[in-house]
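Just so we're aligned, residue 1 is where the sequence shown starts under the UniProt record's numbering, counting upward by one.
We treat Cβ as the ideally placed atom computed from N, Cα and C, and that holds for glycine.
For clarity, every value in this text was computed on a predicted model and none was experimentally measured.
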Amino acid sequence: MTQEENLLSSTQAIISELFDSNEAVKGQFQLHISAEILEFGEALLPAFKRLPNFVEACAHNVQTSLVGAFVYGVLDDLVVSGKLLLMGKLGPSGNTYRQAMEGICMAAMCAHASTLLIGGQEKKYWELIVENSKLANGNRAVHLFLANWDRLGLNLSGAEQLKEALALHHEHSHAGRLALANRMDLTPGGRIYVGGHFDPAKLQAYGLEMKQRINGARWTVELIDGLWPHIEKLRATTPAAPAAHQ
């Protein structure tokens, strides 16, 4: 939908746009970055294959259940981010990808058996989540994760790679020039769109965006493998939650 089409000039047009599946836009993405899309699917598959057993292992107590829930959320966010990208919505796709990366950080910190340095004090992150403390808000997760990297002892691709990925998507979270560019063609007199579009001038950017999601999928596989021993240790050293009454 472009400004030449009066930008949703009736209630019915707005409702139609809300239910539009953007198939034409998706078709353009499939035509031009099919290799990256396939790679994304292949990168996600190992994580989804691990997920049922991992979530089952996490069903021990509140702490471990939080880890499983955050990992589940990471995978959901990665899928949704990919879907939004293929609908031509770069901004919302970037927001959701960033949320997935925050989920990686939160899962790792919840799985840590000991305290972390949080707000200048030694605290257990998962307990702050339960308390709904502002110190454990998602927008703080990346900073806390990187600040406590050495304590967490995880074998991910590296803190710096994750930091760079998050910095890349920071601008997606705010209105600004990038948000303007994301919804218009990058040609002279470029049209402005509502509801997503495909712009051939952004083809290289689309490929790079999908590569970021591929990296996120691979990090998630590494995260699951890295956290599993922590979960097994917690199962062996912490009490199980009481069974629910039937």
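From the DSSP output, in three-state form, read off residue i for me.
| i | result |
| --- | --- |
| A243 | Low local confidence applies: a pLDDT of 49 at A243 is under 50, so the model's placement there is unreliable, with the coordinate-based value given in what follows. Coil at A243, not helix or strand. |
| I33 | coil |
| T237 | helix |
| N53 | helix |
| E222 | helix |
| D20 | coil |
| M87 | coil |
| D199 | coil |
| S10 | coil |
| E4 | Reliability fails at E4, whose pLDDT of 46 lies under 50, so the model's placement of it is uncertain and no value is given. |
| L45 | helix |
| G94 | helix |
According to the Cβ coordinates, are residue i and residue j closer than 8 Å?
| i | j | result |
| --- | --- | --- |
| F145 | C110 | no |
| E209 | L85 | yes |
| A108 | L152 | yes |
| C105 | A147 | no |
| F40 | G82 | yes |
| L156 | W219 | yes |
| G138 | E160 | no |
Which partner residues of residue i appear in the DSSP bridge assignment?
| i | result |
| --- | --- |
| Q63 | Per DSSP, none; premise fails for Q63. |
| K123 | L116 |
| W192 | Note that residue 192 is Ile in the sequence shown here, rather than Trp. Note: I192 sits in a beta bridge opposite M184. |
By how many angstroms is the C-alpha of residue j removed from the C-alpha of residue i?
| i | j | result |
| --- | --- | --- |
| T64 | T237 | 12 Å |
| N182 | P242 | 50 Å |
| G91 | S133 | 28 Å |
| K123 | V62 | 16 Å |
| E42 | K211 | 12 Å |
| A100 | I14 | 30 Å |
| R191 | V25 | 15 Å |
| L75 | L162 | 16 Å |
| A47 | A217 | 7 Å |
| D20 | K233 | 48 Å |
| G195 | D150 | 43 Å |
| S9 | G88 | 22 Å |
| L180 | Q30 | 24 Å |
| Q28 | A113 | 47 Å |
| L44 | N215 | 10 Å |
| E164 | R98 | 11 Å |
| W228 | H197 | 40 Å |
| E36 | Q204 | 11 Å |
Excluding the 5 residues flanking residue i on each side, which residues of the same chain have their C-beta closer than 7 Å to its C-beta?
| i | result |
| --- | --- |
| A136 | Y125, L128 and I129 |
| L66 | C110, W126 and I129 |
| D185 | R191, D199 and A201 |
| I33 | Y206, G207 and M210 |
| T187 | A201 |
| A240 | H60 and N61 |
Starting from the C-beta of residue i, find all residues in its chain whose C-beta is less than 6 Å away, skip the five residues before and the five after it, and write them out in chain order.
| i | result |
| --- | --- |
| G68 | V55 and C58 |
| R235 | H60 |
| H230 | A111 |
| S93 | S81, L84 and L85 |
Within the same chain, show all residues whose beta-carbon is closer than 8 Å to that of residue i, passing over the 5 residues directly before and after it, in chain order.
| i | result |
| --- | --- |
| G119 | L135 |
| R50 | V221, I224 and D225 |
| E17 | M1, L8, V194 and G195 |
| R177 | none |
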